[in-house]
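Inspection log for the structure reproduced underneath, given as structure tokens.
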Amino acid sequence: MAYEAPPPHTYWKCQRCTACCRWPGDVKVSPEEITEIAAFVGLGEPEFLQKYTRLRTDRAGLSLIEQADDSCIFLNGNSCVINAVKPQQCRDFPNKWNFPGWRQVCEAIPVPVEGEPC
Ligand code: SF4
Ligand code: SF4
845 MAYEAPPPHT YWKCQRCTAC CRWPGDVKVS PEEITEIAAF VGLGEPEFLQ KYTRLRTDRA
905 GLSLIEQADD SCIFLNGNSC VINAVKPQQC RDFPNKWNFP GWRQVCEAIP VPVEGEPC
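Numbering follows the working numbering, with no gaps: position 50 of the sequence shown is 894.
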């Protein structure tokens, strides 16, 4: 999968459009993230697993489930209700991973990395 790095000395700054929380697909969660998110939402892990996760499409692990419109189960309006403990996959997009055509669906803009020359 092609990756588009930000221009030199910049990073893609999220504009909080929430598009990446709305498109269909897996939101991968690791065992450690499950522990952290379950505690954050006040559930035991078995209950959290049953209520909020499913098998990933590649069957290689677990994903958060989605709402009827394919948006992530933890998207509420324009907010992520687990923002403080959201999965690494969510934190890493689009700076550490993205895909061909991602800029047509993501409003992130390149801004200078602090402390580095532009
Ligand atoms: S699609 Fe891009 S700009 Fe929109 S919330 Fe996700 S990372 Fe931020
Ligand atoms: S966990 Fe939060 S940031 Fe990640 S897709 Fe769901 S709503 Fe978006």
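Using N, Cα and C, we set each Cβ at its ideal position, and we do this for glycine too.
Own chain residues within Cβ distance below 8 Å of residue i, not counting five before or after
i           : result
residue 914 : 866, 867 and 868
residue 860 : 922
residue 875 : none
Cβ neighbour criterion (16 or more within 10 Å) applied to residue i
i           : result
residue 955 : exposed
residue 957 : exposed
Residues of its chain near residue i, where Cβ-Cβ distance is below 7 Å and the 5 sequence neighbours each way are ignored
i           : result
residue 918 : 908, 924, 925 and 926
Residue range of the beta strand (DSSP E) that includes residue i
i           : result
residue 931 : Looking at the DSSP string, residue 931 is not in any beta strand (DSSP E), and its letter there is neither H nor E.
residue 954 : 953–956
Contact set for residue i: own chain, Cβ-Cβ below 6 Å, skip 5 residues either direction
i           : result
residue 953 : 857
residue 881 : 926 and 929
Task: Residue ranges of each beta strand (DSSP E) within the stretch 845–919, 3 or longer - done: 854–857, 897–899 and 906–908
Open item on the list: Using a Cβ distance threshold of 8 Å, determine whether the stretch 933–941 contacts the stretch 884–902, with at least three qualifying pairs required.
Closed with: no
Task: Three-pair Cβ contact test at 8 Å for the stretch 881–900 versus the stretch 852–859 - done: With fewer than three CB-CB distances shorter than 8 Å, the stretch 881–900 does not count as touching the stretch 852–859.
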